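Here's the structure we're looking at; comments come further down.
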Amino acid sequence: MNPGEHILQFRSDEMDPEEVLDDLLGELKLRNYSVTRVNNIDSIYQRESTPPGSLEFSFYKIVEFCNLESCSRIIAADLLSGVFMPARFLVFRETGSSESVLAFLKPTAFAELFDSSEMMGLAKTLEEDMQQISEEIIG
Numbered sequence: 078m079n080p081g082e083h084i085l086q087f088r089s090d091e092m093d094p095e096e097v098l099d100d101l102l103g104e105l106k107l108r109n110y111s112v113t114r115v116n117n118i119d120s121i122y123q124r125e126s127t128p129p130g131s132l133e134f135s136f137y138k139i140v141e142f143c144n145l146e147s148c149s150r151i152i153a154a155d156l157l158s159g160v161f162m163p164a165r166f167l168v169f170r171e172t173g174s175s176e177s178v179l180a181f182l183k184p185t186a187f188a189e190l191f192d193s194s195e196m197m198g199l200a201k202t203l204e205e206d207m208q209q210i211s212e213e214i215i216g
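Residue 78 is where the sequence shown starts when you use my numbering, and the numbers rise one by one after that.
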């Protein structure tokens, strides 16, 4: 698997990562997705007393989300598909950079592991939606 072809990245010098995250959470809600968790990776490192300057990021959030109807259909197609769920967006800013990044693994990349046309169809729909969300936020 070539990560470059399976991970989409959208970058902006005009938006703070907090703004990208807020817009992402709003867009997901508008599109009937449930945000199941926001992993505050940057906060975990701060609590662990990581020495200043030792991290390559100043902001790092992983947003997990799902649509219960689609989720049920994917699981029905193959019970092992749950290892890739829920879907995730990544929002981060590298230390010393003014650029905010919104990224995600294409759902079709993991759907290819399963021999299911139904799962691939659902993954394509989700991927298109994730791309539209990213383009609306960052463009």
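Heads up, the beta-carbon is just placed ideally off N, CA and C, and yes, glycines get one too.
Quantities reported herein were computed from a predicted structural model and do not represent experimental measurements.
With respect to Ile139, Leu105 sits apart: the two C-beta atoms are not nearer than 8 Å. Between Ser120 and Thr172, the C-beta gap is not smaller than 8 Å, which leaves the two residues out of contact. Rounded to the nearest angstrom, the gap between the Cα atoms of Leu190 and Leu182 is 14 Å. Shortest Cα-Cα distance from Lys201 to any of Ala188, Ile210, Ser211 and Glu212 involves Ala188. The residue from Leu199, Leu85 and Gln208 with its alpha-carbon nearest to that of Glu146 is Leu199.
Residue state for Thr113 is assigned as strand, using DSSP reduced to three classes. Leaving aside the five residues that flank Leu101 on each side, the residues in its chain whose CB is nearer than 8 Å to its CB run, in chain order, Val140, Phe166, Val168, Leu179, Ile210 and Ile214. Inclusion of Ala164 and Leu203 in the CB contact set at 8 Å is warranted, their separation being smaller than that value. In summary, Val160 is exposed, with fewer than 16 beta-carbon neighbours lying within 10 Å of its beta-carbon over all protein chains present.
Beta-bridge pairing by DSSP links Ser89 to Ser177. Look at Lys138 here: in three-state DSSP terms it is strand.
CA-to-CA, the gap between Ser158 and Pro184 works out to about 11 Å.
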